[in-house]
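Protein chains in written order, with the numbering used here: chain W, 19 to 358; chain D, 19 to 358; chain X, 19 to 358; chain P, 19 to 358.
Protein chains: 4
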Amino acid sequence: MKINFASDNYAGIHPDILNAIADANHAPAIAYGNDHYTDQAIDKFKEHFSDDIDVFFVLNGTAANVTALSTMNRGYHAIICADTAHIQVDECGAPEKFTGSKLLVTPSQDGKCTLPQIKNRLNRVGDQHHVQPHVISISQSTEYGTVYTFDEIKAIAEFAHANHLYLHMDGARFANAEAHLNVGLNTLSKEAGVDVLSFGGTKNGMMLGEAVIFFNRTLARDFLFIRKQSMQLASKMRFIAAQFHALLSNDLWHRNAKHANDMAALLAKKLSALPSMTITQTVQANAVFVTLPKHMIETLQEKYYFYVWNEGLSEVRLMTSFNTTEAEVNGFIQEVEKLL
Amino acid sequence: MKINFASDNYAGIHPDILNAIADANHAPAIAYGNDHYTDQAIDKFKEHFSDDIDVFFVLNGTAANVTALSTMNRGYHAIICADTAHIQVDECGAPEKFTGSKLLVTPSQDGKCTLPQIKNRLNRVGDQHHVQPHVISISQSTEYGTVYTFDEIKAIAEFAHANHLYLHMDGARFANAEAHLNVGLNTLSKEAGVDVLSFGGTKNGMMLGEAVIFFNRTLARDFLFIRKQSMQLASKMRFIAAQFHALLSNDLWHRNAKHANDMAALLAKKLSALPSMTITQTVQANAVFVTLPKHMIETLQEKYYFYVWNEGLSEVRLMTSFNTTEAEVNGFIQEVEKLL
Amino acid sequence: MKINFASDNYAGIHPDILNAIADANHAPAIAYGNDHYTDQAIDKFKEHFSDDIDVFFVLNGTAANVTALSTMNRGYHAIICADTAHIQVDECGAPEKFTGSKLLVTPSQDGKCTLPQIKNRLNRVGDQHHVQPHVISISQSTEYGTVYTFDEIKAIAEFAHANHLYLHMDGARFANAEAHLNVGLNTLSKEAGVDVLSFGGTKNGMMLGEAVIFFNRTLARDFLFIRKQSMQLASKMRFIAAQFHALLSNDLWHRNAKHANDMAALLAKKLSALPSMTITQTVQANAVFVTLPKHMIETLQEKYYFYVWNEGLSEVRLMTSFNTTEAEVNGFIQEVEKLL
Amino acid sequence: MKINFASDNYAGIHPDILNAIADANHAPAIAYGNDHYTDQAIDKFKEHFSDDIDVFFVLNGTAANVTALSTMNRGYHAIICADTAHIQVDECGAPEKFTGSKLLVTPSQDGKCTLPQIKNRLNRVGDQHHVQPHVISISQSTEYGTVYTFDEIKAIAEFAHANHLYLHMDGARFANAEAHLNVGLNTLSKEAGVDVLSFGGTKNGMMLGEAVIFFNRTLARDFLFIRKQSMQLASKMRFIAAQFHALLSNDLWHRNAKHANDMAALLAKKLSALPSMTITQTVQANAVFVTLPKHMIETLQEKYYFYVWNEGLSEVRLMTSFNTTEAEVNGFIQEVEKLL
């Protein structure tokens with residue numbers, strides 16, 4: 019059995035969440051979200067964020083992003099994002115197909131958009147020949163395991179709103195970002211000025227399910243229809259809802275994310291103590307990007323799942339999850355040491 | 019606790035399927051369908067149909083239909099279907115939005131398309147001003163609980179292929195149709211001439227998950243990309259796959275569907291023995307359409323979930339599922355008798 | 019040389035309009051509509067309608083309709099129209115492709131939508147599974163040459179606005195409708211409650227060019243971008259604008275339309291005096307629908323362009339235009355008499 | 019009256035072309051392209067290219083590109099082009115909206131794509147998460163007035179076809195490119211390996227109209243429907259066709275383009291002889307990019323139409339057209355000299 023450092027979605031379902039699914043299975047329930055499991059899960063979100071939100075469940079991360087963006091964008095609008103963003107490189111053109119919009123990308127080394135780069139893409143406003151930037155989309159944590167600070171988000175949000183743009187946050191790993199900064203879910207989103215948040219469940223221990231949270235509630239007005247037309251309405255919704263309820267109860271979301279982050283930090287610390295390897299991105303969430311001597315990659319992959327990120331640089335991505343163990347980290351380090 | 023005659027998606031998860039989810043949760047697995055649970059589930063489909071198919075999992079029934087249709091249609095094509103079809107009345111325009119195509123509807127009393135009606139919609143072929151019919155889509159069983167015979171499907175398929183059209187089958191309740199006719203899954207689809215089948219899981223006891231089965235395998239060529247761009251790629255795919263594996267093992271799919279059908283038949287038989295009510299559709303799958311005296315509807319809805327289908331006619335839809343019990347049917351009849 | 023009773027777009031360019039194109043060709047002009055020809059044409063529209071409009075030029079009738087509808091509709095909305103509407107049967111699915119919306123059709127014998135039929139399509143409001151009607155689109159004059167009265171339009175507009183719907187008018191032959199009723203362009207559109215009007219130029223003597231007129235100016239806000247993204251921005255816009263300026267000057271629009279109507283009326287009068295033929299639609303604008311003895315159709319088509327509308331009924335459509343002559347009408351009648 | 023160095027679409031209609039419109043106006047003609055003017059124009063294209071083509075007329079350059087790309091692309095495909103391409107920066111997202119596809123851009127200084135850059139964008143082939151490159155689109159001449167050589171195009175075409183990609187050429191100024199290289203229209207397109215060519219008419223003296231030429235005729239199969247659904251079917255098609263017939267007769271296309279090129283060359287030659295200004299792009303077609311001392315720009319713009327291209331660099335674009343005169347060039351130079 020291979021050990022997983024490939025992705026947090028190679029990990030399975032957290033036991034508490036699996037139990038929650040089973041617990042929701044004792045009687046019939048109204049379909050399509052009009053059930054009390056859904057009501058309770060929404061209440062949990064309101065506890066963690068605030069009452070002043072609208073929240074809806076969808077089926078995967080791409081869908082959370084695309085349906086969120088659909089509420090903000092018409093076809094002639096554009097979305098500014100990093101060239102590393104999931105919406106740009108990993109969604110097979112779903113944002114373009116479904117919103118009709120162009121993505122305007124900023125070059126990024128660490129997964130983040132910077133304000134000067136964003137400003138640089140905000141041009142030809144009012145020019146009928148050119149798409150009109152309307153949304154900034156940032157990933158928190160980023161695809162490189164880095165985390166925007168509260169101040170960074172706030173500055174982007176203020177710039178966005180001053181320029182009639184919305185701020186969307188792809189939070190497929192939002193819990194990991196929060197667990198790193200420890201400032202509170204609401205602070206790191208609503209208070210920082212985010213308009214709509216894609217809140218990840220799958221990568222943090224759920225079987226599947228993501229939430230779209232509207233802090234700008236006007237944008238939520240027609241979301242029921244956008245969700246359905248986007249093929250994202252689960253008929254047995256209660257089983258998505260029950261998972262979220264469990265995730266948001268007893269700090270499970272935080273414990274899962276913090277554990278994953280801690281394992282990444284441990285891995286990074288141990289790797290950086292070894293010769294011939296370089297950590298290439300600041301380790302803040304649950305990913306470690308590191309260059310490994312070329313010869314050891316293939317051997318390691320016999321026992322471990324992980325991705326080669328940049329073949330030229332011999333850079334690999336090691337990702338931890340809620341169920342990564344310290345023993346697994348130590349085992350990996352020993353294996354690397356053996357191969358050095 | 020209300021009793022469910024509203025829909026087969028008010029029912030929960032069959033215990034065997036829930037166990038299968040739990041059983042798939044003991045170790046990490048490669049994401050996005052490259053895992054052995056997915057391989058095994060696909061093998062199960064091949065056992066029931068044939069080796070000469072391609073099969074993919076998606077997240078709900080609307081998505082199964084829309085992604086299937088996307089493989090057959092360009093925007094200027096049209097889809098011929100009954101005016102009662104799910105794709106026409108219950109998918110919030112997802113087919114139009116995602117395929118860009120118009121739906122050309124045939125008037126239907128019983129949920130079926132007839133050949134003369136289909137021929138009637140196949141006009142202006144080659145006329146650049148008019149959408150070009152390219153697919154016929156039929157529902158099996160229909161939204162009215164009726165079932166196409168093998169011969170009916172074969173005739174439509176032959177007409178379709180003789181006229182350069184594809185035949186799509188919306189089989190959200192395909193198992194119920196097969197359980198009614200008892201001719202075999204493959205006979206009722208591939209052998210009858212269906213090109214692509216949306217094969218339902220959710221309504222037959224799964225938590226969520228549908229399959230798109232290609233008998234015309236050329237159409238499957240780019241389906242991976244269509245699925246991803248349609249926001250239908252589950253990262254932890256094994257948990258969809260494991261459900262399908264369980265559903266297709268030990269005849270569970272058939273037992274569940276047959277039970278639901280039997281309960282509908284029982285309900286219909288008992289209702290039709292009562293005065294003042296008329297069964298309005300032939301009961302073949304798991305739905306009973308019946309006119310009830312107006313005064314009893316509200317009272318019944320206090321104890322039972324069900325939908326009023328046609329307020330004017332005082333017609334309601336009663337739907338059974340894998341976990342409807344004979345006691346529930348009898349209880350409902352007693353309640354009706356009491357109110358008569 | 020065949021004589022044209024096929025369509026008002028078999029006719030060429032009115033000489034005054036051709037002259038206007040030539041007159042606009044004496045010096046360079048700013049491209050994309052920022053020229054004084056465009057300003058002047060817009061002023062002409064304001065003279066005929068009112069100052070309180072926004073008006074834009076596009077390249078053909080399908081585009082006028084689709085871009086207009088795009089300002090009112092998101093994908094999950096629906097458009098209610100007659101089953102005979104150009105947007106339903108003659109635009110090759112452009113409305114669905116570009117707006118993502120479904121069309122909900124009302125059955126029509128004479129090309130009009132009636133209020134009871136419209137009401138009938140306005141159902142499942144707020145139901146997330148179903149497209150949400152958002153626009154009523156009517157054709158004035160209709161595809162059958164019939165004309166809505168002011169009161170009919172007003173009633174539909176009032177119903178629309180009372181139900182949070184917009185009213186779009188496909189006025190590819192709006193001039194013909196006005197020339198029939200003689201109540202003024204503004205009365206028959208803005209005052210009747212129309213939100214957006216597709217105002218036809220091509221069928222009334224222009225080389226090409228249609229206008230989209232917004233009475234509900236909020237809807238015009240992003241039209242520049244919708245037009246460009248719809249591939250409808252003419253670079254040498256002045257040559258569209260100059261045509262409209264000529265059309266709206268010296269009552270040319272009215273003279274052209276009235277002449278076409280008069281020729282249709284004459285044709286209808288003479289045909290109805292003959293045995294063995296039936297006028298099948300009230301002749302109000304510039305079309306005559308008539309059943310002709312089957313044997314004469316082919317012979318007539320050797321000398322005359324016209325369309326067989328309904329082969330089964332032996333019904334043909336005869337259409338007149340600004341340059342149909344009385345001699346052509348008389349010649350046609352003589353030919354028919356000869357063949358009787 | 020300002021003099022035009024802004025764009026070739028500020029220029030009007032060439033007299034021969036205006037006459038051709040008038041000449042086509044003497045009798046009715048079948049609408050929608052089934053007329054002999056259209057046949058004759060198509061024959062003219064076959065004379066210049068070869069019999070082995072399909073050619074269709076559309077209404078503007080954006081439409082020529084988007085409809086051409088629509089024949090090659092499904093939504094999950096991607097289009098590789100220069101970051102300066104018209105389809106990327108000047109079409110308000112029409113390619114994304116209509117094809118659903120992402121554009122993958124190569125950084126460009128001179129408007130061209132190079133093979134190494136193209137290869138760099140051709141990655142993640144077969145990866146379901148990522149759009150699949152399917153078309154390379156190059157502009158000839160480019161938006162910077164530079165021209166691909168025959169060999170450059172051939173190399174790109176061979177790479178494209180070896181990698182299962184199509185080659186599209188945006189030839190809004192294809193005539194200018196040919197007039198620069200003088201190798202023949204067919205050589206520079208079909209023989210070089212282009213699959214589909216957007217052939218410009220408007221910028222070379224037409225009122226409006228562009229042609230889409232298919233050398234890969236399989237791609238043309240459904241173009242009639244794509245054109246109509248893209249709102250690009252002109253009803254009075256003959257007036258577009260007649261313009262193309264005139265343009266392709268008596269070498270008018272070549273004379274117009276060569277004249278524009280010669281005027282740009284003259285302008286560049288004279289400007290480069292002056293102090294304080296730098297020609298920033300090789301002048302091959304009809305555009306001159308030059309840095310002018312900042313103080314003179316505003317003054318010059320009182321008498322001349324031209325665009326400031328890069329405010330930071332004080333770079334302007336001067337564009338010539340078929341009706342730019344030597345006197346206008348000399349006048350501009352004198353004006354500049356006066357301001358130096």
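Glycine residues also receive a C-beta, built at the ideal position from the N, C-alpha and C atoms.
If the cut is a Cβ gap below 8 Å, which residues of chain D does residue 146 of chain P touch? Along the fourth sequence, read from residue 1 onward, the residue named residue 146 of chain P stands at position 128. Per Cβ cutoff of 8 Å: 50, 242, 243, 245, 246, 251.
Nearest residue (CA-CA) to residue 207 of chain X, options X/29, X/313, X/173, X/112: Residue mapping note: residue 207 of chain X aligns to position 189 of the third sequence, counting from 1. Taking only the C-alpha atoms, the option nearest residue 207 of chain X is X/173.
What separation, rounded to the nearest whole angstrom, lies between the Cα atoms of residue 277 of chain P and residue 339 of chain P? Working through the fourth sequence from its first residue, we reach residue 277 of chain P at position 259. Working through the fourth sequence from its first residue, we reach residue 339 of chain P at position 321. When rounded, the distance between both Cα atoms is 7 Å.
With burial defined as no fewer than 16 other Cβ atoms inside 10 Å of the residue's Cβ, what is the status of residue 44 of chain X: buried or exposed? Walking along the third sequence from the start, residue 44 of chain X turns up at place 26. Exposed, since its Cβ has fewer than 16 Cβ neighbours within 10 Å.
Span of the alpha helix (DSSP H), counted from its first residue to its last, around residue 287 of chain X: Against the third sequence, residue 287 of chain X aligns to sequence position 269. 270–290 is the span of the alpha helix (DSSP H), which, as asked, contains residue 287 of chain X.
Buried or exposed, going by whether 16 or more other CB atoms sit within 10 Å of the CB of residue 308 of chain W? Residue mapping note: residue 308 of chain W aligns to position 290 of the first sequence, counting from 1. That one is buried.
By Cβ distance below 6 Å, which residues in the same chain neighbour residue 61 of chain X in space, the five residues on each side in sequence not counted? The residue given as residue 61 of chain X occupies position 43 in the third sequence. Excluding positions up to five away in sequence, the list is empty.
Residue 288 of chain D to residue 117 of chain D span [Cα, whole Å]: Residue mapping note: residue 288 of chain D aligns to position 270 of the second sequence, counting from 1. Residue mapping note: residue 117 of chain D aligns to position 99 of the second sequence, counting from 1. Going from the Cα of residue 288 of chain D to the Cα of residue 117 of chain D covers about 44 Å.
When the Cα atoms are used, what is the spatial distance from residue 234 of chain D to residue 104 of chain P? Residue mapping note: residue 234 of chain D aligns to position 216 of the second sequence, counting from 1. Residue mapping note: residue 104 of chain P aligns to position 86 of the fourth sequence, counting from 1. Looking at the two C-alpha atoms, the distance is approximately 39 Å.
For residue 250 of chain D and residue 253 of chain X, I'd like the C-alpha separation in whole angstroms. Taking the first residue of the second sequence as position 1, residue 250 of chain D is located at position 232. Taking the first residue of the third sequence as position 1, residue 253 of chain X is located at position 235. Distance between the alpha carbons of residue 250 of chain D and residue 253 of chain X is about 41 Å.
Beta-bridge pairing of residue 335 of chain D - partner residues as DSSP gives them: On the second sequence, residue 335 of chain D is found 317 positions in, with the first residue counted as 1. In the DSSP output, where bridge partners are listed per residue, residue 335 of chain D has D/307, D/325.
Tell me the rounded alpha-carbon separation between residue 135 of chain P and residue 327 of chain W. The residue given as residue 135 of chain P occupies position 117 in the fourth sequence. The residue given as residue 327 of chain W occupies position 309 in the first sequence. Roughly 20 Å between the two C-alpha positions.
Distance cutoff 8 Å, beta carbons only. Does residue 332 of chain P sit that close to anything in chain X? Against the fourth sequence, residue 332 of chain P aligns to sequence position 314. It does not: the Cβ of residue 332 of chain P has no partner Cβ on chain X nearer than 8 Å.
If you follow the beta strand (DSSP E) that residue 231 of chain D is part of, which residue opens it and which one closes it? To locate residue 231 of chain D, count along the second sequence from 1; it is residue 213. That run of the beta strand (DSSP E) goes 228–232.
Residues of the stretch 80–105 of chain P with Cβ closer than 9 Å to any Cβ of chain D, in chain order: 88, 92, 93, 94, 95
If you draw a straight line from the alpha carbon of residue 39 of chain P to that of residue 225 of chain P, how long is it in whole angstroms? Within the fourth sequence, numbered from 1, the residue matching residue 39 of chain P stands at position 21. Within the fourth sequence, numbered from 1, the residue matching residue 225 of chain P stands at position 207. Distance between the alpha carbons of residue 39 of chain P and residue 225 of chain P is about 10 Å.
Below 7 Å between beta carbons is the criterion; list the residues of the stretch 41–72 of chain W that meet it against any residue of chain D, in chain order. 43, 45, 46, 47, 48, 49
Residues of chain P with CB under 7 Å from residue 206 of chain X, in chain order? Taking the first residue of the third sequence as 1, we reach residue 206 of chain X at position 188. Within chain P, no residue comes near residue 206 of chain X; the closest Cβ sits about 24 Å away, beyond 7 Å.
With a 10 Å radius around its C-beta and 16 neighbouring C-beta atoms as the bar for buried, classify residue 222 of chain P as buried or exposed. What you label residue 222 of chain P is simply residue 204 of the fourth sequence in a count that begins at 1. Residue 222 of chain P should be labelled buried.
Suppose only complete runs of 4+ residues qualify. What are the alpha helix (DSSP H) ranges in the stretch 46–81 of chain D, listed by chain order? 54–66
Within chain P, partners of residue 107 of chain W - CB distance below 7 Å: The residue given as residue 107 of chain W occupies position 89 in the first sequence. Here the neighbours are 148.
Identify whether residue 214 of chain P lies in helix, strand or coil by the three-state DSSP scheme. Here residue 214 of chain P corresponds to residue number 196 of the fourth sequence, with the count starting at 1. Of the three classes helix, strand and coil, the one that applies to residue 214 of chain P here is strand, per DSSP.
Residue 28 of chain P and residue 46 of chain X: beta carbons closer than 8 Å? As a working note, residue 28 of chain P is residue 10 in the fourth sequence. As a working note, residue 46 of chain X is residue 28 in the third sequence. Against a cut-off of 8 Å, the Cβ pair of residue 46 of chain X and residue 28 of chain P comes out as a contact.
Is it the case that the Cβ atoms of residue 369 of chain X and residue 211 of chain X are separated by a distance below 8 Å? Residue 369 of chain X lies beyond the range of chain X shown here (19 to 358); nothing can be said about it.
Going by alpha carbons, who is nearest to residue 66 of chain X out of X/205, X/52, X/41? Position 48 of the third sequence, counted from the start, is the residue given in the question as residue 66 of chain X. Checking every option, the nearest Cα to that of residue 66 of chain X belongs to X/205.
Could you name the residues of chain X that residue 111 of chain P contacts, counting a contact when the two beta carbons are closer than 9 Å? Locating residue 111 of chain P in the fourth sequence gives position 93, where the first residue counts as 1. By Cβ distance, chain X contributes 243, 246, 247.
N-terminal and C-terminal residue of the alpha helix (DSSP H) that residue 250 of chain X is part of: What you label residue 250 of chain X is simply residue 232 of the third sequence in a count that begins at 1. It is not in any alpha helix (DSSP H) - residue 250 of chain X carries neither H nor E in the DSSP assignment.
Using a C-beta cutoff of 8 Å, does residue 25 of chain W count as contacting chain D? Against the first sequence, residue 25 of chain W aligns to sequence position 7. Chain D contact via Cβ: present.
Taking C-beta pairs closer than 7 Å, name the residues in chain W that residue 115 of chain D reaches, listed in chain order. Taking the first residue of the second sequence as position 1, residue 115 of chain D is located at position 97. Per Cβ cutoff of 7 Å: 247.
Put residue 195 of chain D into one of helix, strand or coil per three-state DSSP. Numbered from its first residue, the second sequence carries residue 195 of chain D at position 177. Helix at residue 195 of chain D.
What does residue 220 of chain P reach in chain X if we use C-beta pairs closer than 7 Å? Residue mapping note: residue 220 of chain P aligns to position 202 of the fourth sequence, counting from 1. Residues of chain X passing the Cβ test: 253, 254.
Collapsed DSSP secondary structure at residue 120 of chain W in the structure displayed: Within the first sequence, numbered from 1, the residue matching residue 120 of chain W stands at position 102. In the structure shown, residue 120 of chain W sits in a strand (DSSP, three-state: E or B).
Have a look at W/345, W/203, W/282 and flag the residue whose alpha-carbon is nearest the alpha-carbon of residue 335 of chain W. Here the question's residue 335 of chain W lines up with position 317 in the first sequence. Ranking W/345, W/203, W/282 by Cα distance to residue 335 of chain W puts W/282 first.
Around the C-beta of residue 96 of chain X, are 16 or more other C-beta atoms found within 10 angstroms, so that it is buried, or is it exposed? As a first step, residue 96 of chain X is located in the third sequence; it is residue number 78 there, counting from the start. The residue is buried, with at least 16 neighbouring Cβ atoms inside 10 Å.
Out of W/216, W/108, W/294, point me to the one whose CA is closest to residue 358 of chain W's CA. Here residue 358 of chain W is taken as the residue at index 340 of the first sequence, counted from 1. Among W/216, W/108, W/294, the Cα nearest to that of residue 358 of chain W is on W/294.
Check the Cβ of residue 118 of chain P against every Cβ in chain W and list those closer than 9 Å, keeping chain order. Within the fourth sequence, residue 118 of chain P is the residue found at index 100, counting from 1. Within 9 Å Cβ-Cβ: 111, 114, 115, 116, 118.
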